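Novice:
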Amino acid sequence: MIIFQDLETICVSEPCVVTIGKFDGIHRGHAELIRAARRFADACPEPVSVAVFTFDTSSATLLTAKERRAYLSKLGADVLVECEFGPQLITMEAGDFVRDILKDRLRMCHAVTGEDFRFGYERRGDPAFLLEAGRSCGFTAETVPAVEYRGSKISSTRIREALQQGKMEEVQDMLGFPFFVTGEIIHGRQLGRTIGVPTTNLIPGRGKLLPPNGVYCSRSFAGGEQFRGITNIGTKPTVEGGFVGVETYLFDCSEDLYGASQKVELLHFVRPEQKFRDLKELKERIRLDEEEGRTFFRTGETAGIPGDS
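My numbering applies: residue 1 is where the sequence shown begins, and numbers increase by one.
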(Lines of atoms letter the chains of each structure in order from A and count residues from 1; the text may use other names and numbers.)
(Lines give C-alpha, C1' and ligand atoms only; values in the text may rest on other atoms or scores of the structure.)
Protein backbone atom coordinates (compact mmCIF):
# COMPACT_ATOMS: atom_id res chain seq x y z
CA MET A 1 0.00 0.00 0.00
CA ILE A 2 1.34 3.43 -1.00
CA ILE A 3 1.03 6.11 1.69
CA PHE A 4 0.97 9.89 1.17
CA GLN A 5 1.01 12.33 4.10
CA ASP A 6 1.04 15.59 2.16
CA LEU A 7 -1.33 16.84 -0.52
CA GLU A 8 1.51 18.09 -2.69
CA THR A 9 3.20 14.68 -2.87
CA ILE A 10 0.17 12.70 -4.09
CA CYS A 11 1.00 11.00 -7.36
CA VAL A 12 -0.63 7.79 -8.60
CA SER A 13 0.08 5.69 -11.67
CA GLU A 14 -3.49 4.60 -12.41
CA PRO A 15 -7.07 5.81 -11.86
CA CYS A 16 -8.52 5.40 -8.38
CA VAL A 17 -11.80 4.58 -6.74
CA VAL A 18 -11.74 6.92 -3.76
CA THR A 19 -13.49 6.68 -0.40
CA ILE A 20 -13.13 9.51 2.10
CA GLY A 21 -13.49 9.89 5.86
CA LYS A 22 -11.71 9.92 9.20
CA PHE A 23 -11.66 6.10 9.43
CA ASP A 24 -10.81 6.23 13.13
CA GLY A 25 -11.56 2.68 14.25
CA ILE A 26 -12.49 1.36 10.80
CA HIS A 27 -15.80 0.04 12.10
CA ARG A 28 -18.26 -2.08 10.14
CA GLY A 29 -19.63 0.96 8.31
CA HIS A 30 -16.15 2.04 7.23
CA ALA A 31 -15.34 -1.49 6.09
CA GLU A 32 -18.43 -1.51 3.86
CA LEU A 33 -17.20 1.63 2.10
CA ILE A 34 -13.82 0.09 1.35
CA ARG A 35 -15.36 -3.20 0.21
CA ALA A 36 -17.70 -1.31 -2.14
CA ALA A 37 -14.70 0.55 -3.56
CA ARG A 38 -12.80 -2.71 -3.98
CA ARG A 39 -15.74 -4.34 -5.79
CA PHE A 40 -15.98 -1.42 -8.22
CA ALA A 41 -12.23 -1.44 -8.90
CA ASP A 42 -12.14 -5.20 -9.46
CA ALA A 43 -15.01 -4.97 -11.95
CA CYS A 44 -13.23 -2.38 -14.12
CA PRO A 45 -11.75 -3.68 -17.40
CA GLU A 46 -8.56 -1.66 -16.89
CA PRO A 47 -6.34 -1.53 -13.75
CA VAL A 48 -7.89 0.70 -11.07
CA SER A 49 -6.61 1.28 -7.52
CA VAL A 50 -8.58 1.74 -4.33
CA ALA A 51 -7.61 4.93 -2.50
CA VAL A 52 -8.61 5.86 1.04
CA PHE A 53 -8.44 9.57 1.90
CA THR A 54 -8.35 10.17 5.65
CA PHE A 55 -8.43 13.37 7.66
CA ASP A 56 -5.97 12.97 10.52
CA THR A 57 -6.50 14.89 13.74
CA SER A 58 -4.44 15.05 16.92
CA SER A 59 -7.18 13.46 19.04
CA ALA A 60 -6.86 9.99 20.59
CA THR A 61 -8.05 7.21 18.30
CA LEU A 62 -9.41 3.66 18.43
CA LEU A 63 -6.58 2.51 16.17
CA THR A 64 -3.04 3.85 16.02
CA ALA A 65 -1.73 4.96 12.63
CA LYS A 66 0.22 1.70 12.29
CA GLU A 67 -2.80 -0.43 13.22
CA ARG A 68 -5.04 1.48 10.85
CA ARG A 69 -2.63 1.11 7.96
CA ALA A 70 -2.40 -2.65 8.46
CA TYR A 71 -6.18 -3.09 8.54
CA LEU A 72 -6.84 -0.86 5.54
CA SER A 73 -4.33 -2.87 3.54
CA LYS A 74 -6.04 -6.07 4.65
CA LEU A 75 -9.40 -4.71 3.45
CA GLY A 76 -7.96 -4.04 -0.01
CA ALA A 77 -6.75 -0.43 -0.05
CA ASP A 78 -3.91 0.26 -2.50
CA VAL A 79 -3.36 3.95 -1.72
CA LEU A 80 -3.73 5.77 1.60
CA VAL A 81 -3.71 9.54 2.05
CA GLU A 82 -3.21 10.59 5.67
CA CYS A 83 -3.77 14.30 5.50
CA GLU A 84 -3.73 16.59 8.52
CA PHE A 85 -7.06 18.38 8.86
CA GLY A 86 -5.40 21.79 9.01
CA PRO A 87 -6.09 25.25 7.59
CA GLN A 88 -5.52 24.22 3.98
CA LEU A 89 -8.31 21.65 4.05
CA ILE A 90 -10.56 23.50 6.49
CA THR A 91 -10.78 26.53 4.16
CA MET A 92 -10.84 24.62 0.85
CA GLU A 93 -14.10 24.87 -1.06
CA ALA A 94 -15.80 21.56 -1.86
CA GLY A 95 -15.42 22.13 -5.60
CA ASP A 96 -11.70 22.83 -5.31
CA PHE A 97 -11.19 19.71 -3.20
CA VAL A 98 -12.95 17.54 -5.79
CA ARG A 99 -11.18 19.07 -8.79
CA ASP A 100 -7.67 19.74 -7.46
CA ILE A 101 -7.20 16.82 -5.06
CA LEU A 102 -9.56 13.99 -5.93
CA LYS A 103 -9.67 14.36 -9.69
CA ASP A 104 -6.30 15.86 -10.62
CA ARG A 105 -4.02 14.24 -8.03
CA LEU A 106 -5.78 10.95 -7.24
CA ARG A 107 -7.17 10.55 -10.78
CA MET A 108 -10.55 9.64 -9.25
CA CYS A 109 -12.85 7.70 -11.57
CA HIS A 110 -15.42 6.77 -8.92
CA ALA A 111 -16.27 8.06 -5.42
CA VAL A 112 -17.70 5.92 -2.61
CA THR A 113 -19.10 7.73 0.42
CA GLY A 114 -21.53 7.26 3.28
CA GLU A 115 -24.96 8.87 3.44
CA ASP A 116 -23.93 11.57 5.93
CA PHE A 117 -20.57 12.39 4.36
CA ARG A 118 -19.78 16.11 4.33
CA PHE A 119 -16.65 17.90 3.13
CA GLY A 120 -15.26 21.23 2.03
CA TYR A 121 -15.51 24.68 3.55
CA GLU A 122 -18.42 24.86 6.01
CA ARG A 123 -19.24 21.23 5.05
CA ARG A 124 -20.96 22.36 1.87
CA GLY A 125 -20.06 19.21 -0.06
CA ASP A 126 -22.18 16.07 0.26
CA PRO A 127 -22.98 12.92 -1.80
CA ALA A 128 -25.36 14.88 -4.04
CA PHE A 129 -22.62 17.46 -4.67
CA LEU A 130 -20.21 14.67 -5.67
CA LEU A 131 -22.75 13.15 -8.02
CA GLU A 132 -23.31 16.48 -9.76
CA ALA A 133 -19.58 17.30 -9.88
CA GLY A 134 -18.93 13.94 -11.48
CA ARG A 135 -21.05 14.82 -14.49
CA SER A 136 -18.74 17.70 -15.37
CA CYS A 137 -15.44 16.22 -14.14
CA GLY A 138 -15.83 12.75 -15.61
CA PHE A 139 -16.29 10.44 -12.61
CA THR A 140 -19.19 8.54 -11.05
CA ALA A 141 -20.29 8.47 -7.41
CA GLU A 142 -21.87 5.90 -5.15
CA THR A 143 -23.52 6.25 -1.72
CA VAL A 144 -23.34 3.30 0.68
CA PRO A 145 -26.16 2.95 3.26
CA ALA A 146 -25.22 3.24 6.93
CA VAL A 147 -24.62 0.04 8.89
CA GLU A 148 -26.75 -0.19 12.05
CA TYR A 149 -26.32 -1.83 15.44
CA ARG A 150 -29.30 -2.28 17.72
CA GLY A 151 -31.44 0.03 15.63
CA SER A 152 -29.00 2.95 15.36
CA LYS A 153 -26.20 3.86 12.99
CA ILE A 154 -22.73 2.66 13.92
CA SER A 155 -20.34 5.54 14.50
CA SER A 156 -16.94 6.08 16.06
CA THR A 157 -18.66 8.17 18.75
CA ARG A 158 -20.88 5.26 19.79
CA ILE A 159 -17.89 2.94 19.88
CA ARG A 160 -15.86 5.37 21.98
CA GLU A 161 -18.73 5.67 24.47
CA ALA A 162 -19.05 1.89 24.76
CA LEU A 163 -15.26 1.57 25.16
CA GLN A 164 -15.20 4.16 27.94
CA GLN A 165 -17.77 2.02 29.79
CA GLY A 166 -15.82 -1.20 29.31
CA LYS A 167 -18.55 -2.76 27.17
CA MET A 168 -16.12 -4.80 25.12
CA GLU A 169 -18.71 -7.07 23.52
CA GLU A 170 -20.61 -4.05 22.17
CA VAL A 171 -17.37 -2.48 20.95
CA GLN A 172 -16.55 -5.66 19.06
CA ASP A 173 -20.04 -5.91 17.55
CA MET A 174 -19.74 -2.39 16.15
CA LEU A 175 -16.11 -2.63 15.05
CA GLY A 176 -16.55 -6.04 13.47
CA PHE A 177 -13.43 -7.32 15.29
CA PRO A 178 -12.22 -7.43 18.91
CA PHE A 179 -10.74 -4.22 20.30
CA PHE A 180 -7.00 -4.75 20.57
CA VAL A 181 -3.73 -3.22 21.69
CA THR A 182 -0.40 -3.92 20.01
CA GLY A 183 3.20 -3.35 20.98
CA GLU A 184 6.55 -4.91 21.77
CA ILE A 185 6.79 -7.03 24.91
CA ILE A 186 9.12 -5.23 27.32
CA HIS A 187 10.65 -6.03 30.70
CA GLY A 188 8.54 -4.99 33.66
CA ARG A 189 9.56 -5.33 37.29
CA GLN A 190 9.10 -9.14 36.98
CA LEU A 191 7.16 -9.27 40.25
CA GLY A 192 4.64 -11.55 38.55
CA ARG A 193 7.24 -14.31 38.41
CA THR A 194 7.87 -14.04 42.15
CA ILE A 195 4.20 -14.81 42.89
CA GLY A 196 3.86 -17.51 40.24
CA VAL A 197 2.01 -15.51 37.59
CA PRO A 198 4.55 -14.38 34.95
CA THR A 199 3.19 -11.67 32.71
CA THR A 200 3.96 -9.78 29.52
CA ASN A 201 4.07 -6.00 29.48
CA LEU A 202 3.60 -3.61 26.62
CA ILE A 203 3.05 0.11 26.21
CA PRO A 204 0.19 1.13 23.89
CA GLY A 205 0.98 3.28 20.88
CA ARG A 206 0.80 7.04 21.30
CA GLY A 207 -2.75 8.36 21.02
CA LYS A 208 -4.37 4.94 21.51
CA LEU A 209 -7.73 5.06 23.29
CA LEU A 210 -8.09 2.51 26.07
CA PRO A 211 -11.02 1.17 28.08
CA PRO A 212 -11.28 1.86 31.84
CA ASN A 213 -8.44 0.65 34.04
CA GLY A 214 -9.16 -2.87 35.17
CA VAL A 215 -8.94 -6.56 34.38
CA TYR A 216 -10.17 -8.12 31.14
CA CYS A 217 -10.45 -11.59 29.64
CA SER A 218 -8.09 -11.43 26.69
CA ARG A 219 -6.61 -13.31 23.78
CA SER A 220 -3.03 -12.63 22.75
CA PHE A 221 -0.98 -13.32 19.66
CA ALA A 222 2.79 -13.40 20.13
CA GLY A 223 5.71 -15.44 18.85
CA GLY A 224 3.53 -16.98 16.16
CA GLU A 225 1.16 -18.46 18.75
CA GLN A 226 -2.23 -17.68 20.27
CA PHE A 227 -2.82 -17.53 24.02
CA ARG A 228 -5.82 -16.98 26.26
CA GLY A 229 -5.41 -15.04 29.46
CA ILE A 230 -6.33 -12.04 31.59
CA THR A 231 -5.05 -8.51 31.05
CA ASN A 232 -4.72 -5.58 33.41
CA ILE A 233 -4.98 -2.08 32.00
CA GLY A 234 -3.60 0.51 34.37
CA THR A 235 -0.92 1.62 36.78
CA LYS A 236 -0.24 -1.35 39.12
CA PRO A 237 -1.33 0.45 42.31
CA THR A 238 -0.34 -2.42 44.64
CA VAL A 239 3.36 -2.47 43.71
CA GLU A 240 3.65 1.28 43.05
CA GLY A 241 5.68 0.70 39.94
CA GLY A 242 4.36 3.74 38.10
CA PHE A 243 3.98 1.64 34.96
CA VAL A 244 1.03 2.65 32.85
CA GLY A 245 0.27 0.06 30.25
CA VAL A 246 -1.05 -3.37 29.37
CA GLU A 247 0.00 -6.36 31.50
CA THR A 248 -1.15 -9.84 30.50
CA TYR A 249 -1.04 -13.17 32.30
CA LEU A 250 -1.00 -15.82 29.56
CA PHE A 251 -2.62 -19.08 30.60
CA ASP A 252 -0.40 -22.14 30.28
CA CYS A 253 2.54 -20.26 28.75
CA SER A 254 6.14 -20.73 29.87
CA GLU A 255 7.85 -19.22 26.83
CA ASP A 256 10.25 -16.29 26.89
CA LEU A 257 8.53 -13.72 24.69
CA TYR A 258 10.58 -10.62 25.51
CA GLY A 259 11.11 -8.49 22.43
CA ALA A 260 8.32 -10.15 20.48
CA SER A 261 5.41 -8.20 19.01
CA GLN A 262 2.15 -8.81 20.86
CA LYS A 263 -1.47 -8.21 19.93
CA VAL A 264 -3.84 -8.27 22.90
CA GLU A 265 -7.58 -8.53 22.21
CA LEU A 266 -9.73 -7.33 25.13
CA LEU A 267 -12.87 -9.46 25.06
CA HIS A 268 -14.68 -9.05 28.37
CA PHE A 269 -14.48 -6.70 31.38
CA VAL A 270 -13.91 -8.57 34.66
CA ARG A 271 -13.41 -5.90 37.34
CA PRO A 272 -12.00 -2.40 37.95
CA GLU A 273 -8.36 -1.96 38.90
CA GLN A 274 -7.85 -1.95 42.66
CA LYS A 275 -5.12 -1.72 45.28
CA PHE A 276 -4.45 -4.66 47.57
CA ARG A 277 -2.85 -4.74 51.02
CA ASP A 278 0.10 -6.84 49.92
CA LEU A 279 1.40 -9.20 47.23
CA LYS A 280 -0.27 -12.19 48.89
CA GLU A 281 -3.70 -10.60 48.55
CA LEU A 282 -2.84 -9.58 44.98
CA LYS A 283 -1.90 -13.17 44.13
CA GLU A 284 -5.18 -14.47 45.57
CA ARG A 285 -7.14 -11.95 43.50
CA ILE A 286 -5.22 -12.86 40.34
CA ARG A 287 -6.10 -16.50 40.88
CA LEU A 288 -9.78 -15.58 41.16
CA ASP A 289 -9.44 -13.50 37.98
CA GLU A 290 -7.78 -16.46 36.27
CA GLU A 291 -10.64 -18.72 37.29
CA GLU A 292 -13.17 -16.26 35.89
CA GLY A 293 -11.13 -15.97 32.71
CA ARG A 294 -10.92 -19.71 32.20
CA THR A 295 -14.67 -19.99 32.80
CA PHE A 296 -15.29 -17.27 30.22
CA PHE A 297 -13.34 -19.14 27.58
CA ARG A 298 -14.70 -22.54 28.58
CA THR A 299 -18.34 -21.46 28.32
CA GLY A 300 -17.51 -19.64 25.11
CA GLU A 301 -16.61 -22.91 23.43
CA THR A 302 -20.31 -23.51 22.80
CA ALA A 303 -21.64 -19.95 22.96
CA GLY A 304 -19.04 -18.57 20.59
CA ILE A 305 -16.24 -16.55 22.13
CA PRO A 306 -16.16 -12.97 20.77
CA GLY A 307 -13.81 -12.87 17.83
CA ASP A 308 -13.34 -16.64 17.51
CA SER A 309 -15.37 -16.81 14.30
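Even glycine gets a Cβ: it sits at the ideal position worked out from N, Cα and C.
Only a predicted model underlies this, so the values are computations on that prediction, with no experimental measurement involved.
DSSP beta-bridge partners for V52?
Specialist: Paired residues: T19, L80.
Novice: If we ignore side chains and look at the alpha-carbon of each, how far apart do R285 and A141 end up?
Specialist: The alpha-carbon atoms of R285 and A141 are separated by roughly 56 angstroms.
Novice: Run through DSSP, which three-state label would Y121 get?
Specialist: Residue state, collapsed to three classes: helix.
Novice: What residues in its chain sit with their C-beta under 6 angstroms from that of Q5, if we drop five residues either side in the sequence?
Specialist: E82, listed in sequence order.
Novice: At the level of alpha carbons, what is the spacing between R39 and K74?
Specialist: Rounded to the nearest angstrom, the two C-alpha atoms are 14 angstroms apart.
Novice: Secondary structure at L106, three-state DSSP: helix, strand or coil?
Specialist: If DSSP states are grouped into helix, strand and coil, L106 belongs with coil.
Novice: Give me the DSSP bridge partner(s) of E8.
Specialist: Partner(s): none; E8 has no beta bridge.
Novice: With DSSP collapsed to three states, give me the class of F243.
Specialist: Any reading at F243 is ruled out, since the residue's pLDDT is 48, under 50, leaving its predicted position unreliable.
Novice: Where do the ends of the beta strand (DSSP E) carrying I233 lie?
Specialist: Note, I233: beta strand (DSSP E), 225 to 234.
Novice: Could you have a look at Q88 and say whether DSSP puts it in helix, strand or coil?
Specialist: Of the three classes helix, strand and coil, the one that applies to Q88 here is helix, per DSSP.
Novice: Starting from C217, follow the beta strand (DSSP E) in both directions and report where the run begins and ends.
Specialist: Per DSSP, C217 belongs to the beta strand (DSSP E) from 214 to 222.
Novice: Report the option in R158, K153, K103 whose CA atom is closest to the CA atom of A133.
Specialist: Taking only the C-alpha atoms, the option nearest A133 is K103.
Novice: Identify whether T335 lies in helix, strand or coil by the three-state DSSP scheme.
Specialist: Residue 335 falls outside the range modelled here, since the chain spans only 1 to 309, and no answer is possible.
Novice: For the beta strand (DSSP E) containing F129, list its first residue and its last residue.
Specialist: From DSSP, F129 is part of no beta strand (DSSP E) but of the alpha helix (DSSP H) over 127 to 137.
Novice: Which first and last residues belong to the alpha helix (DSSP H) in which L33 is found?
Specialist: Looking at the DSSP string, the run of the alpha helix (DSSP H) that includes L33 is 28 to 43.
Novice: What does the alpha-carbon distance come out to for the pair L266 and D173?
Specialist: The alpha-carbon atoms of L266 and D173 are separated by roughly 13 angstroms.
Novice: Kindly list the residues whose CB is nearer than 8 angstroms to the CB of A36, restricted to its own chain and excluding five residues on each side of it in sequence; keep chain order.
Specialist: Counting only Cβ-Cβ distances below 8 angstroms, and skipping sequence neighbours, we find T19, V112, E142, V144.
Novice: Can you tell me whether D78 is buried or exposed? The criterion is at least 16 other CB atoms within 10 Å of its CB, across all chains shown.
Specialist: Counting Cβ neighbours within 10 Å, D78 comes out buried, since at least 16 surround it.
Novice: What are the boundary residues of the alpha helix (DSSP H) that includes E67?
Specialist: Segment 65 to 75, the alpha helix (DSSP H) holding E67.
Novice: Return helix, strand or coil for D24, following the three-state DSSP convention.
Specialist: In this structure, D24 counts as coil in the three-state DSSP scheme.
Novice: In the structure shown, what three-state DSSP assignment does A60 receive?
Specialist: Here A60 sits in coil by DSSP.
Novice: When the distance is taken between beta carbons, is L175 closer than 8 angstroms to G25?
Specialist: Closer than 8 angstroms, so yes.
Novice: Quick one: using the 10 Å Cβ neighbour count with 16 as the cut-off for buried, is I90 buried or exposed?
Specialist: When all chains shown are included, I90 counts as exposed.
Novice: Helix, strand or coil: which one does DSSP assign to F180?
Specialist: Correct three-state label for F180: strand.
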